[in-house]
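Engineer: Starting off with a structure, shown below.
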Amino acid sequence: MDRVHKGYLQHNDISPGNVLLHFPEDKVSEVYIGVCDWGLASRVCETTPSRYSYPSDEARTAAFKERGSFVAPELWYTYGKPNSETSLETLRKRHLYTQAADAYSVGVVANMIWKDEDDFDLFKDTAGKARFAVALKELTNPDPKSRSTLRLVHATLTAPPYNFQIPECCYRKHI
């Protein structure tokens with residue numbers, strides 16, 4: 004997702020159903036991660052990174068109802084109000100849709116995978132696990148202004164000596 008954000012895009016619908024995991028039989032310690040269902044994705048304007056293009060209000064509202072626990076708190080609060088303030092235009096004006104919302108969703112999904120799957124062990128040492136736990140906590144900070152970016156988390160996880168490698172085949176060459 005860091006690469007997606009660098010390409011001035013955001014997914015807007017990260018949930019377990021949209022994350023694909025592949026465990027190659029010949030490489031026991033590797034996992035390939037992919038993201039699907041780009042129907043609600045939006046493009047960040049390159050000249051004004053805080054402004055986005057959006058899918059329809061109906062599509063986004065339906066996604067929120069289905070994916071409540073994976074939606075960033077700042078968005079759920081706005082959509083949860085049963086009044087005129089819930090319109091998509093209001094969200095646009097307030098710039099609540101940011102890449103921080105994607106980061107929150109990635110953190111919730113990663114936390115679910117990490118805690119629920121005993122066999123999913125990316126780190127063999129305690130220090131690596133602690134570093135990953137801190138990264139997840141920073142991604143799921145309820146305050147979007149204090150939330151860590153995916154770029155920072157990626158840099159933390161790939162820094163020596165842990166060097167968690169994301170295989171190049173997981174990236175699209177052109178966004």
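Residue numbers (the working numbering): 4 to 178. Even for Gly, the Cβ is constructed at its ideal location relative to N, Cα and C. Owing to the predicted nature of the structure, the values given are computational and were not obtained by experimental measurement.
#1: Mind checking whether Arg46 and Ala106 have CB atoms under 8 Å apart?
#2: Could you tell me whether the Cβ atoms of Arg134 and Thr101 are closer together than 8 Å?
#3: Please report the residue range of the alpha helix (DSSP H) in which His25 lies.
#4: Once DSSP output is grouped into helix, strand and coil, what is the label at Val109?
#5: Can you tell which of Ala103, Lys132 and Met115 has the C-alpha that lies nearest to the C-alpha of Leu142?
#6: Report the partner residues of Leu12 according to the DSSP bridge assignment.
#7: What are the start and end residues of the beta strand (DSSP E) that includes Ile36?
#8: Which of the three DSSP states is assigned to Ser18 in this structure?
#9: Specify the secondary structure class of Trp41 as computed by DSSP and reduced to three states.
#10: Tell me whether Val109 is buried or exposed, calling it buried when 16 or more other Cβ atoms sit within 10 Å of its Cβ.
#11: Determine, using beta carbons only, whether Val137 comes closer than 8 Å to chain C.
#12: Leaving out the 5 sequence neighbours to the left and right, which residues in its chain are closer than 7 Å to Val2 when beta-carbon positions are compared?
#13: Would you kindly check if the distance between the Cβ of Ala44 and the Cβ of Leu78 is under 8 Å?
#14: In this structure, how does DSSP classify Pro76 when only helix, strand and coil are distinguished?
#15: Specify the secondary structure class of Lys140 as computed by DSSP and reduced to three states.
#16: Using 10 angstroms around the beta-carbon of Asp5, count the other beta-carbons present and answer buried if the total reaches 16, otherwise exposed.
#17: Does DSSP put Lys132 in a helix, a strand or coil?
Structural biologist: Answer, in terms of the structure:
#1: no
#2: No, these two residues do not count as a Cβ contact at 8 Å.
#3: That residue, His25, is in no alpha helix (DSSP H); its beta strand (DSSP E) goes Val22 to His25.
#4: helix
#5: Ala103
#6: Arg46
#7: Tyr35 to Val38
#8: In this structure, Ser18 counts as coil in the three-state DSSP scheme.
#9: coil
#10: Residue environment for Val109: buried (at least 16 other C-beta atoms within 10 angstroms of its C-beta).
#11: You won't find chain C in this structure, because it holds only one protein chain.
#12: Since the first residue shown for the chain is 4 and the last is 178, residue 2 is missing from the structure and cannot be characterised.
#13: no
#14: Three-state DSSP puts Pro76 in a helix.
#15: helix
#16: Buried, since its Cβ has 16 or more Cβ neighbours within 10 Å.
#17: helix
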